[in-house]
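K.L.:
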Amino acid sequence: MKTRIVIGDWNSLREDAQKVRIEVFVIEQNVPIELEWDEGDEVSTHAVAYDEQGHAVATGRLLPDGHIGRMAVSQSLRGKGIGKQVLRALLEHARRDGHQALALHAQTHAIPFYERQGFIVEGEEFIEADMPHRLMRMCFI
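Going by the working numbering, the letters in the sequence shown line up with residues 3 to 143, in that order.
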């Protein structure tokens with residue numbers, strides 16, 4: 003599937019990133035809306051993937067401290083490489099910004115996806131937003 007990835011700040015990508023995150027996290031995964039929005043959005047670099055019709059279909063963010071989060075792909079489009087494109091765009095941005103390592107909290111079902119992209123599991127499973135997660139890290143060095 004042909005997509006276009008846009009990197010930007012919260013002010014420029016908020017509406018489209020919110021659409022995807024509400025669809026995936028709030029509606030599909032039942033994350034309380036008050037947990038979905040936080041102070042990290044304002045300071046993060048965001049990536050949004052758009053389909054050929056210009057609809058937002060995936061998103062993710064990179065916090066200034068090197069944490070990747072809020073990775074979400076519309077359910078009907080999973081497995082088509084769109085999440086990989088969003089993650090790679092964020093990784094490229096992180097490298098250009100001088101990050102030497104990145105971290106993320108992966109839902110346990112998504113661990114294989116992140117492992118294929120070079121992330122390594124660390125630590126024990128923990129619960130975040132009522133779902134099991136694991137810490138994962140990637141070093142660029």
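C-beta atoms are modelled at their ideal positions from N, C-alpha and C, and glycine is treated no differently.
Reducing DSSP to helix, strand and coil, say where Pro114 ends up.
P.N.:
In the sequence shown, counting from the first residue as 1, residue 114 sits at position 112. Pro114: helix per DSSP, three-state reduction.
K.L.:
I'd like to know whether the C-beta atoms of Ile84 and Ala49 end up nearer to each other than 8 Å.
P.N.:
Your numbering for residue 84 matches position 82 in the sequence shown. Your numbering for residue 49 matches position 47 in the sequence shown. No, the Cβ-Cβ distance between Ile84 and Ala49 is not below 8 Å.
K.L.:
Have a look at Met3 and Pro134 and give me their C-alpha separation to the nearest angstrom.
P.N.:
Numbered from its first residue, the sequence shown carries residue 3 at position 1. Numbered from its first residue, the sequence shown carries residue 134 at position 132. Roughly 30 Å separates the two Cα atoms.
K.L.:
With a CB to CB cut of under 8 Å and the five nearest residues on each side skipped, what residues in its chain are close to Val22?
P.N.:
Taking the sequence shown and counting its residues from 1, one reaches residue 22 at position 20. Here the set comprises Val50, Ala58, Val59, Ala60, Thr61, Ala74, Val75, Ser76.
K.L.:
Relative to the alpha-carbon of Gly125, which residue among His107, Cys141, Pro114, His111 has its alpha-carbon at the smallest distance?
P.N.:
For the purposes of this step, residue 125 is taken as residue 123 along the sequence shown, with counting starting at 1. Measuring from the Cα of Gly125, the nearest candidate turns out to be His107.
K.L.:
According to the neighbour-count rule (16 or more other Cβ atoms, all chains shown, within 10 Å of its Cβ), is Val26 buried or exposed?
P.N.:
Numbered from its first residue, the sequence shown carries residue 26 at position 24. When all chains shown are included, Val26 counts as buried.
K.L.:
Name the DSSP bridge partner or partners of His69?
P.N.:
Residue mapping note: residue 69 aligns to position 67 of the sequence shown, counting from 1. Bridge partners of His69: Ala105.
K.L.:
Evaluate Val88 with the Cβ neighbour count: other Cβ atoms within 10 Å of its Cβ, from every protein chain shown; 16 or more gives buried, anything less gives exposed.
P.N.:
Indexing the sequence shown from 1 puts residue 88 at position 86. Burial call: buried.
K.L.:
Quick one: what's Ala74 bridged to in DSSP?
P.N.:
Position 72 of the sequence shown holds residue 74. DSSP output for Ala74 lists Thr61 as bridge partner(s).
K.L.:
Taking the C-alpha atoms as reference points, what is the distance between Asn13 and Glu41?
P.N.:
As a working note, residue 13 is residue 11 in the sequence shown. As a working note, residue 41 is residue 39 in the sequence shown. So the alpha carbons of these two residues sit roughly 13 Å apart.
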